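Taking it in order: structure first as structure tokens, then the write-up.
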Amino acid sequence: MKCVPNLLQLIEPHARVDTDAKLMIGDILHQMSKQVVSKTHEQSVKNKNTTVGSQDIISAVNACMGANLAKHAIAEGARNALLFINSNTKYKPEDFIFRLPRPDMKEDAAVGTLLNDITEVKNNESQ
């Protein structure tokens, strides 16, 4: 995934990431993406829509992440979508092509725990 080093460069220009760290970050992003896609599908089925709208995606992101993280994710997603539409982004469509995971890689329990913790914080904040 080319988006991980690009994101890191925005945050800290002099930092470097080794291959294992890139794979771990990619795995976390992949699992979070699966959660968002699942929630988005639930939203569109609940609303009886045949297409997924931006509001469905925003609702799914809010449901999967804590309030502060969701706010930043939605803002960054909207900004990048506009840049992509206007062809002003450094990302290309092939940067986001899903590659099959390596067969020797297993789903990490720590990543699942992290995602559950994020979801619990979101559920606790809403109560």
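If you count by my numbering, then the sequence shown holds residues 1191 to 1317, one letter each, in order. C-beta atoms are modelled at their ideal positions from N, C-alpha and C, and glycine is treated no differently. Computed from a predicted structure; not experimentally measured.
Worksheet item: Between Met1255 and Thr1241, what straight-line distance do the alpha-carbon atoms span, to the nearest angstrom?
Response: Here residue 1255 is taken as the residue at index 65 of the sequence shown, counted from 1. Here residue 1241 is taken as the residue at index 51 of the sequence shown, counted from 1. CA-CA distance, Met1255 to Thr1241, rounds to 23 Å.
Item to complete: Have a look at Asn1252, Ile1247, Glu1266 and flag the residue whose alpha-carbon is nearest the alpha-carbon of Leu1200.
Response: To locate residue 1200, count along the sequence shown from 1; it is residue 10. The shortest C-alpha separation from Leu1200 is found at Glu1266.
Worksheet item: Between the C-alpha atoms of Asp1210 and Gly1216, what's the straight-line distance to the nearest angstrom?
Response: Here residue 1210 refers to the residue found at position 20 of the sequence shown. Here residue 1216 refers to the residue found at position 26 of the sequence shown. So the alpha carbons of these two residues sit roughly 10 Å apart.
Discussion item. With a threshold of 8 Å on Cβ separation, who are the neighbours of His1177 within its own chain once the five nearest residues in sequence on each side are excluded?
Written reply: Missing from the structure shown is residue 1177; the chain here goes from 1191 to 1317 and no further.
Item to complete: Check whether the Cβ atoms of Gln1233 and Ala1250 lie closer than 7 Å to each other.
Response: On the sequence shown, residue 1233 is found 43 positions in, with the first residue counted as 1. On the sequence shown, residue 1250 is found 60 positions in, with the first residue counted as 1. Taking 7 Å as the cut-off, the Cβ atoms of Gln1233 and Ala1250 count as close.
Item to complete: In angstroms with no decimal places, state the Cα-to-Cα distance between Lys1238 and Ser1244.
Response: Position 48 of the sequence shown, counting from 1, holds the residue named residue 1238. Position 54 of the sequence shown, counting from 1, holds the residue named residue 1244. One C-alpha to the other measures close to 15 Å.
Worksheet item: Does the distance from the C-beta atom of Ala1260 to that of Asn1252 stay below 7 Å?
Response: Along the sequence shown, one-based indexing puts residue 1260 at 70. Along the sequence shown, one-based indexing puts residue 1252 at 62. Yes, the Cβ-Cβ distance between Ala1260 and Asn1252 is below 7 Å.
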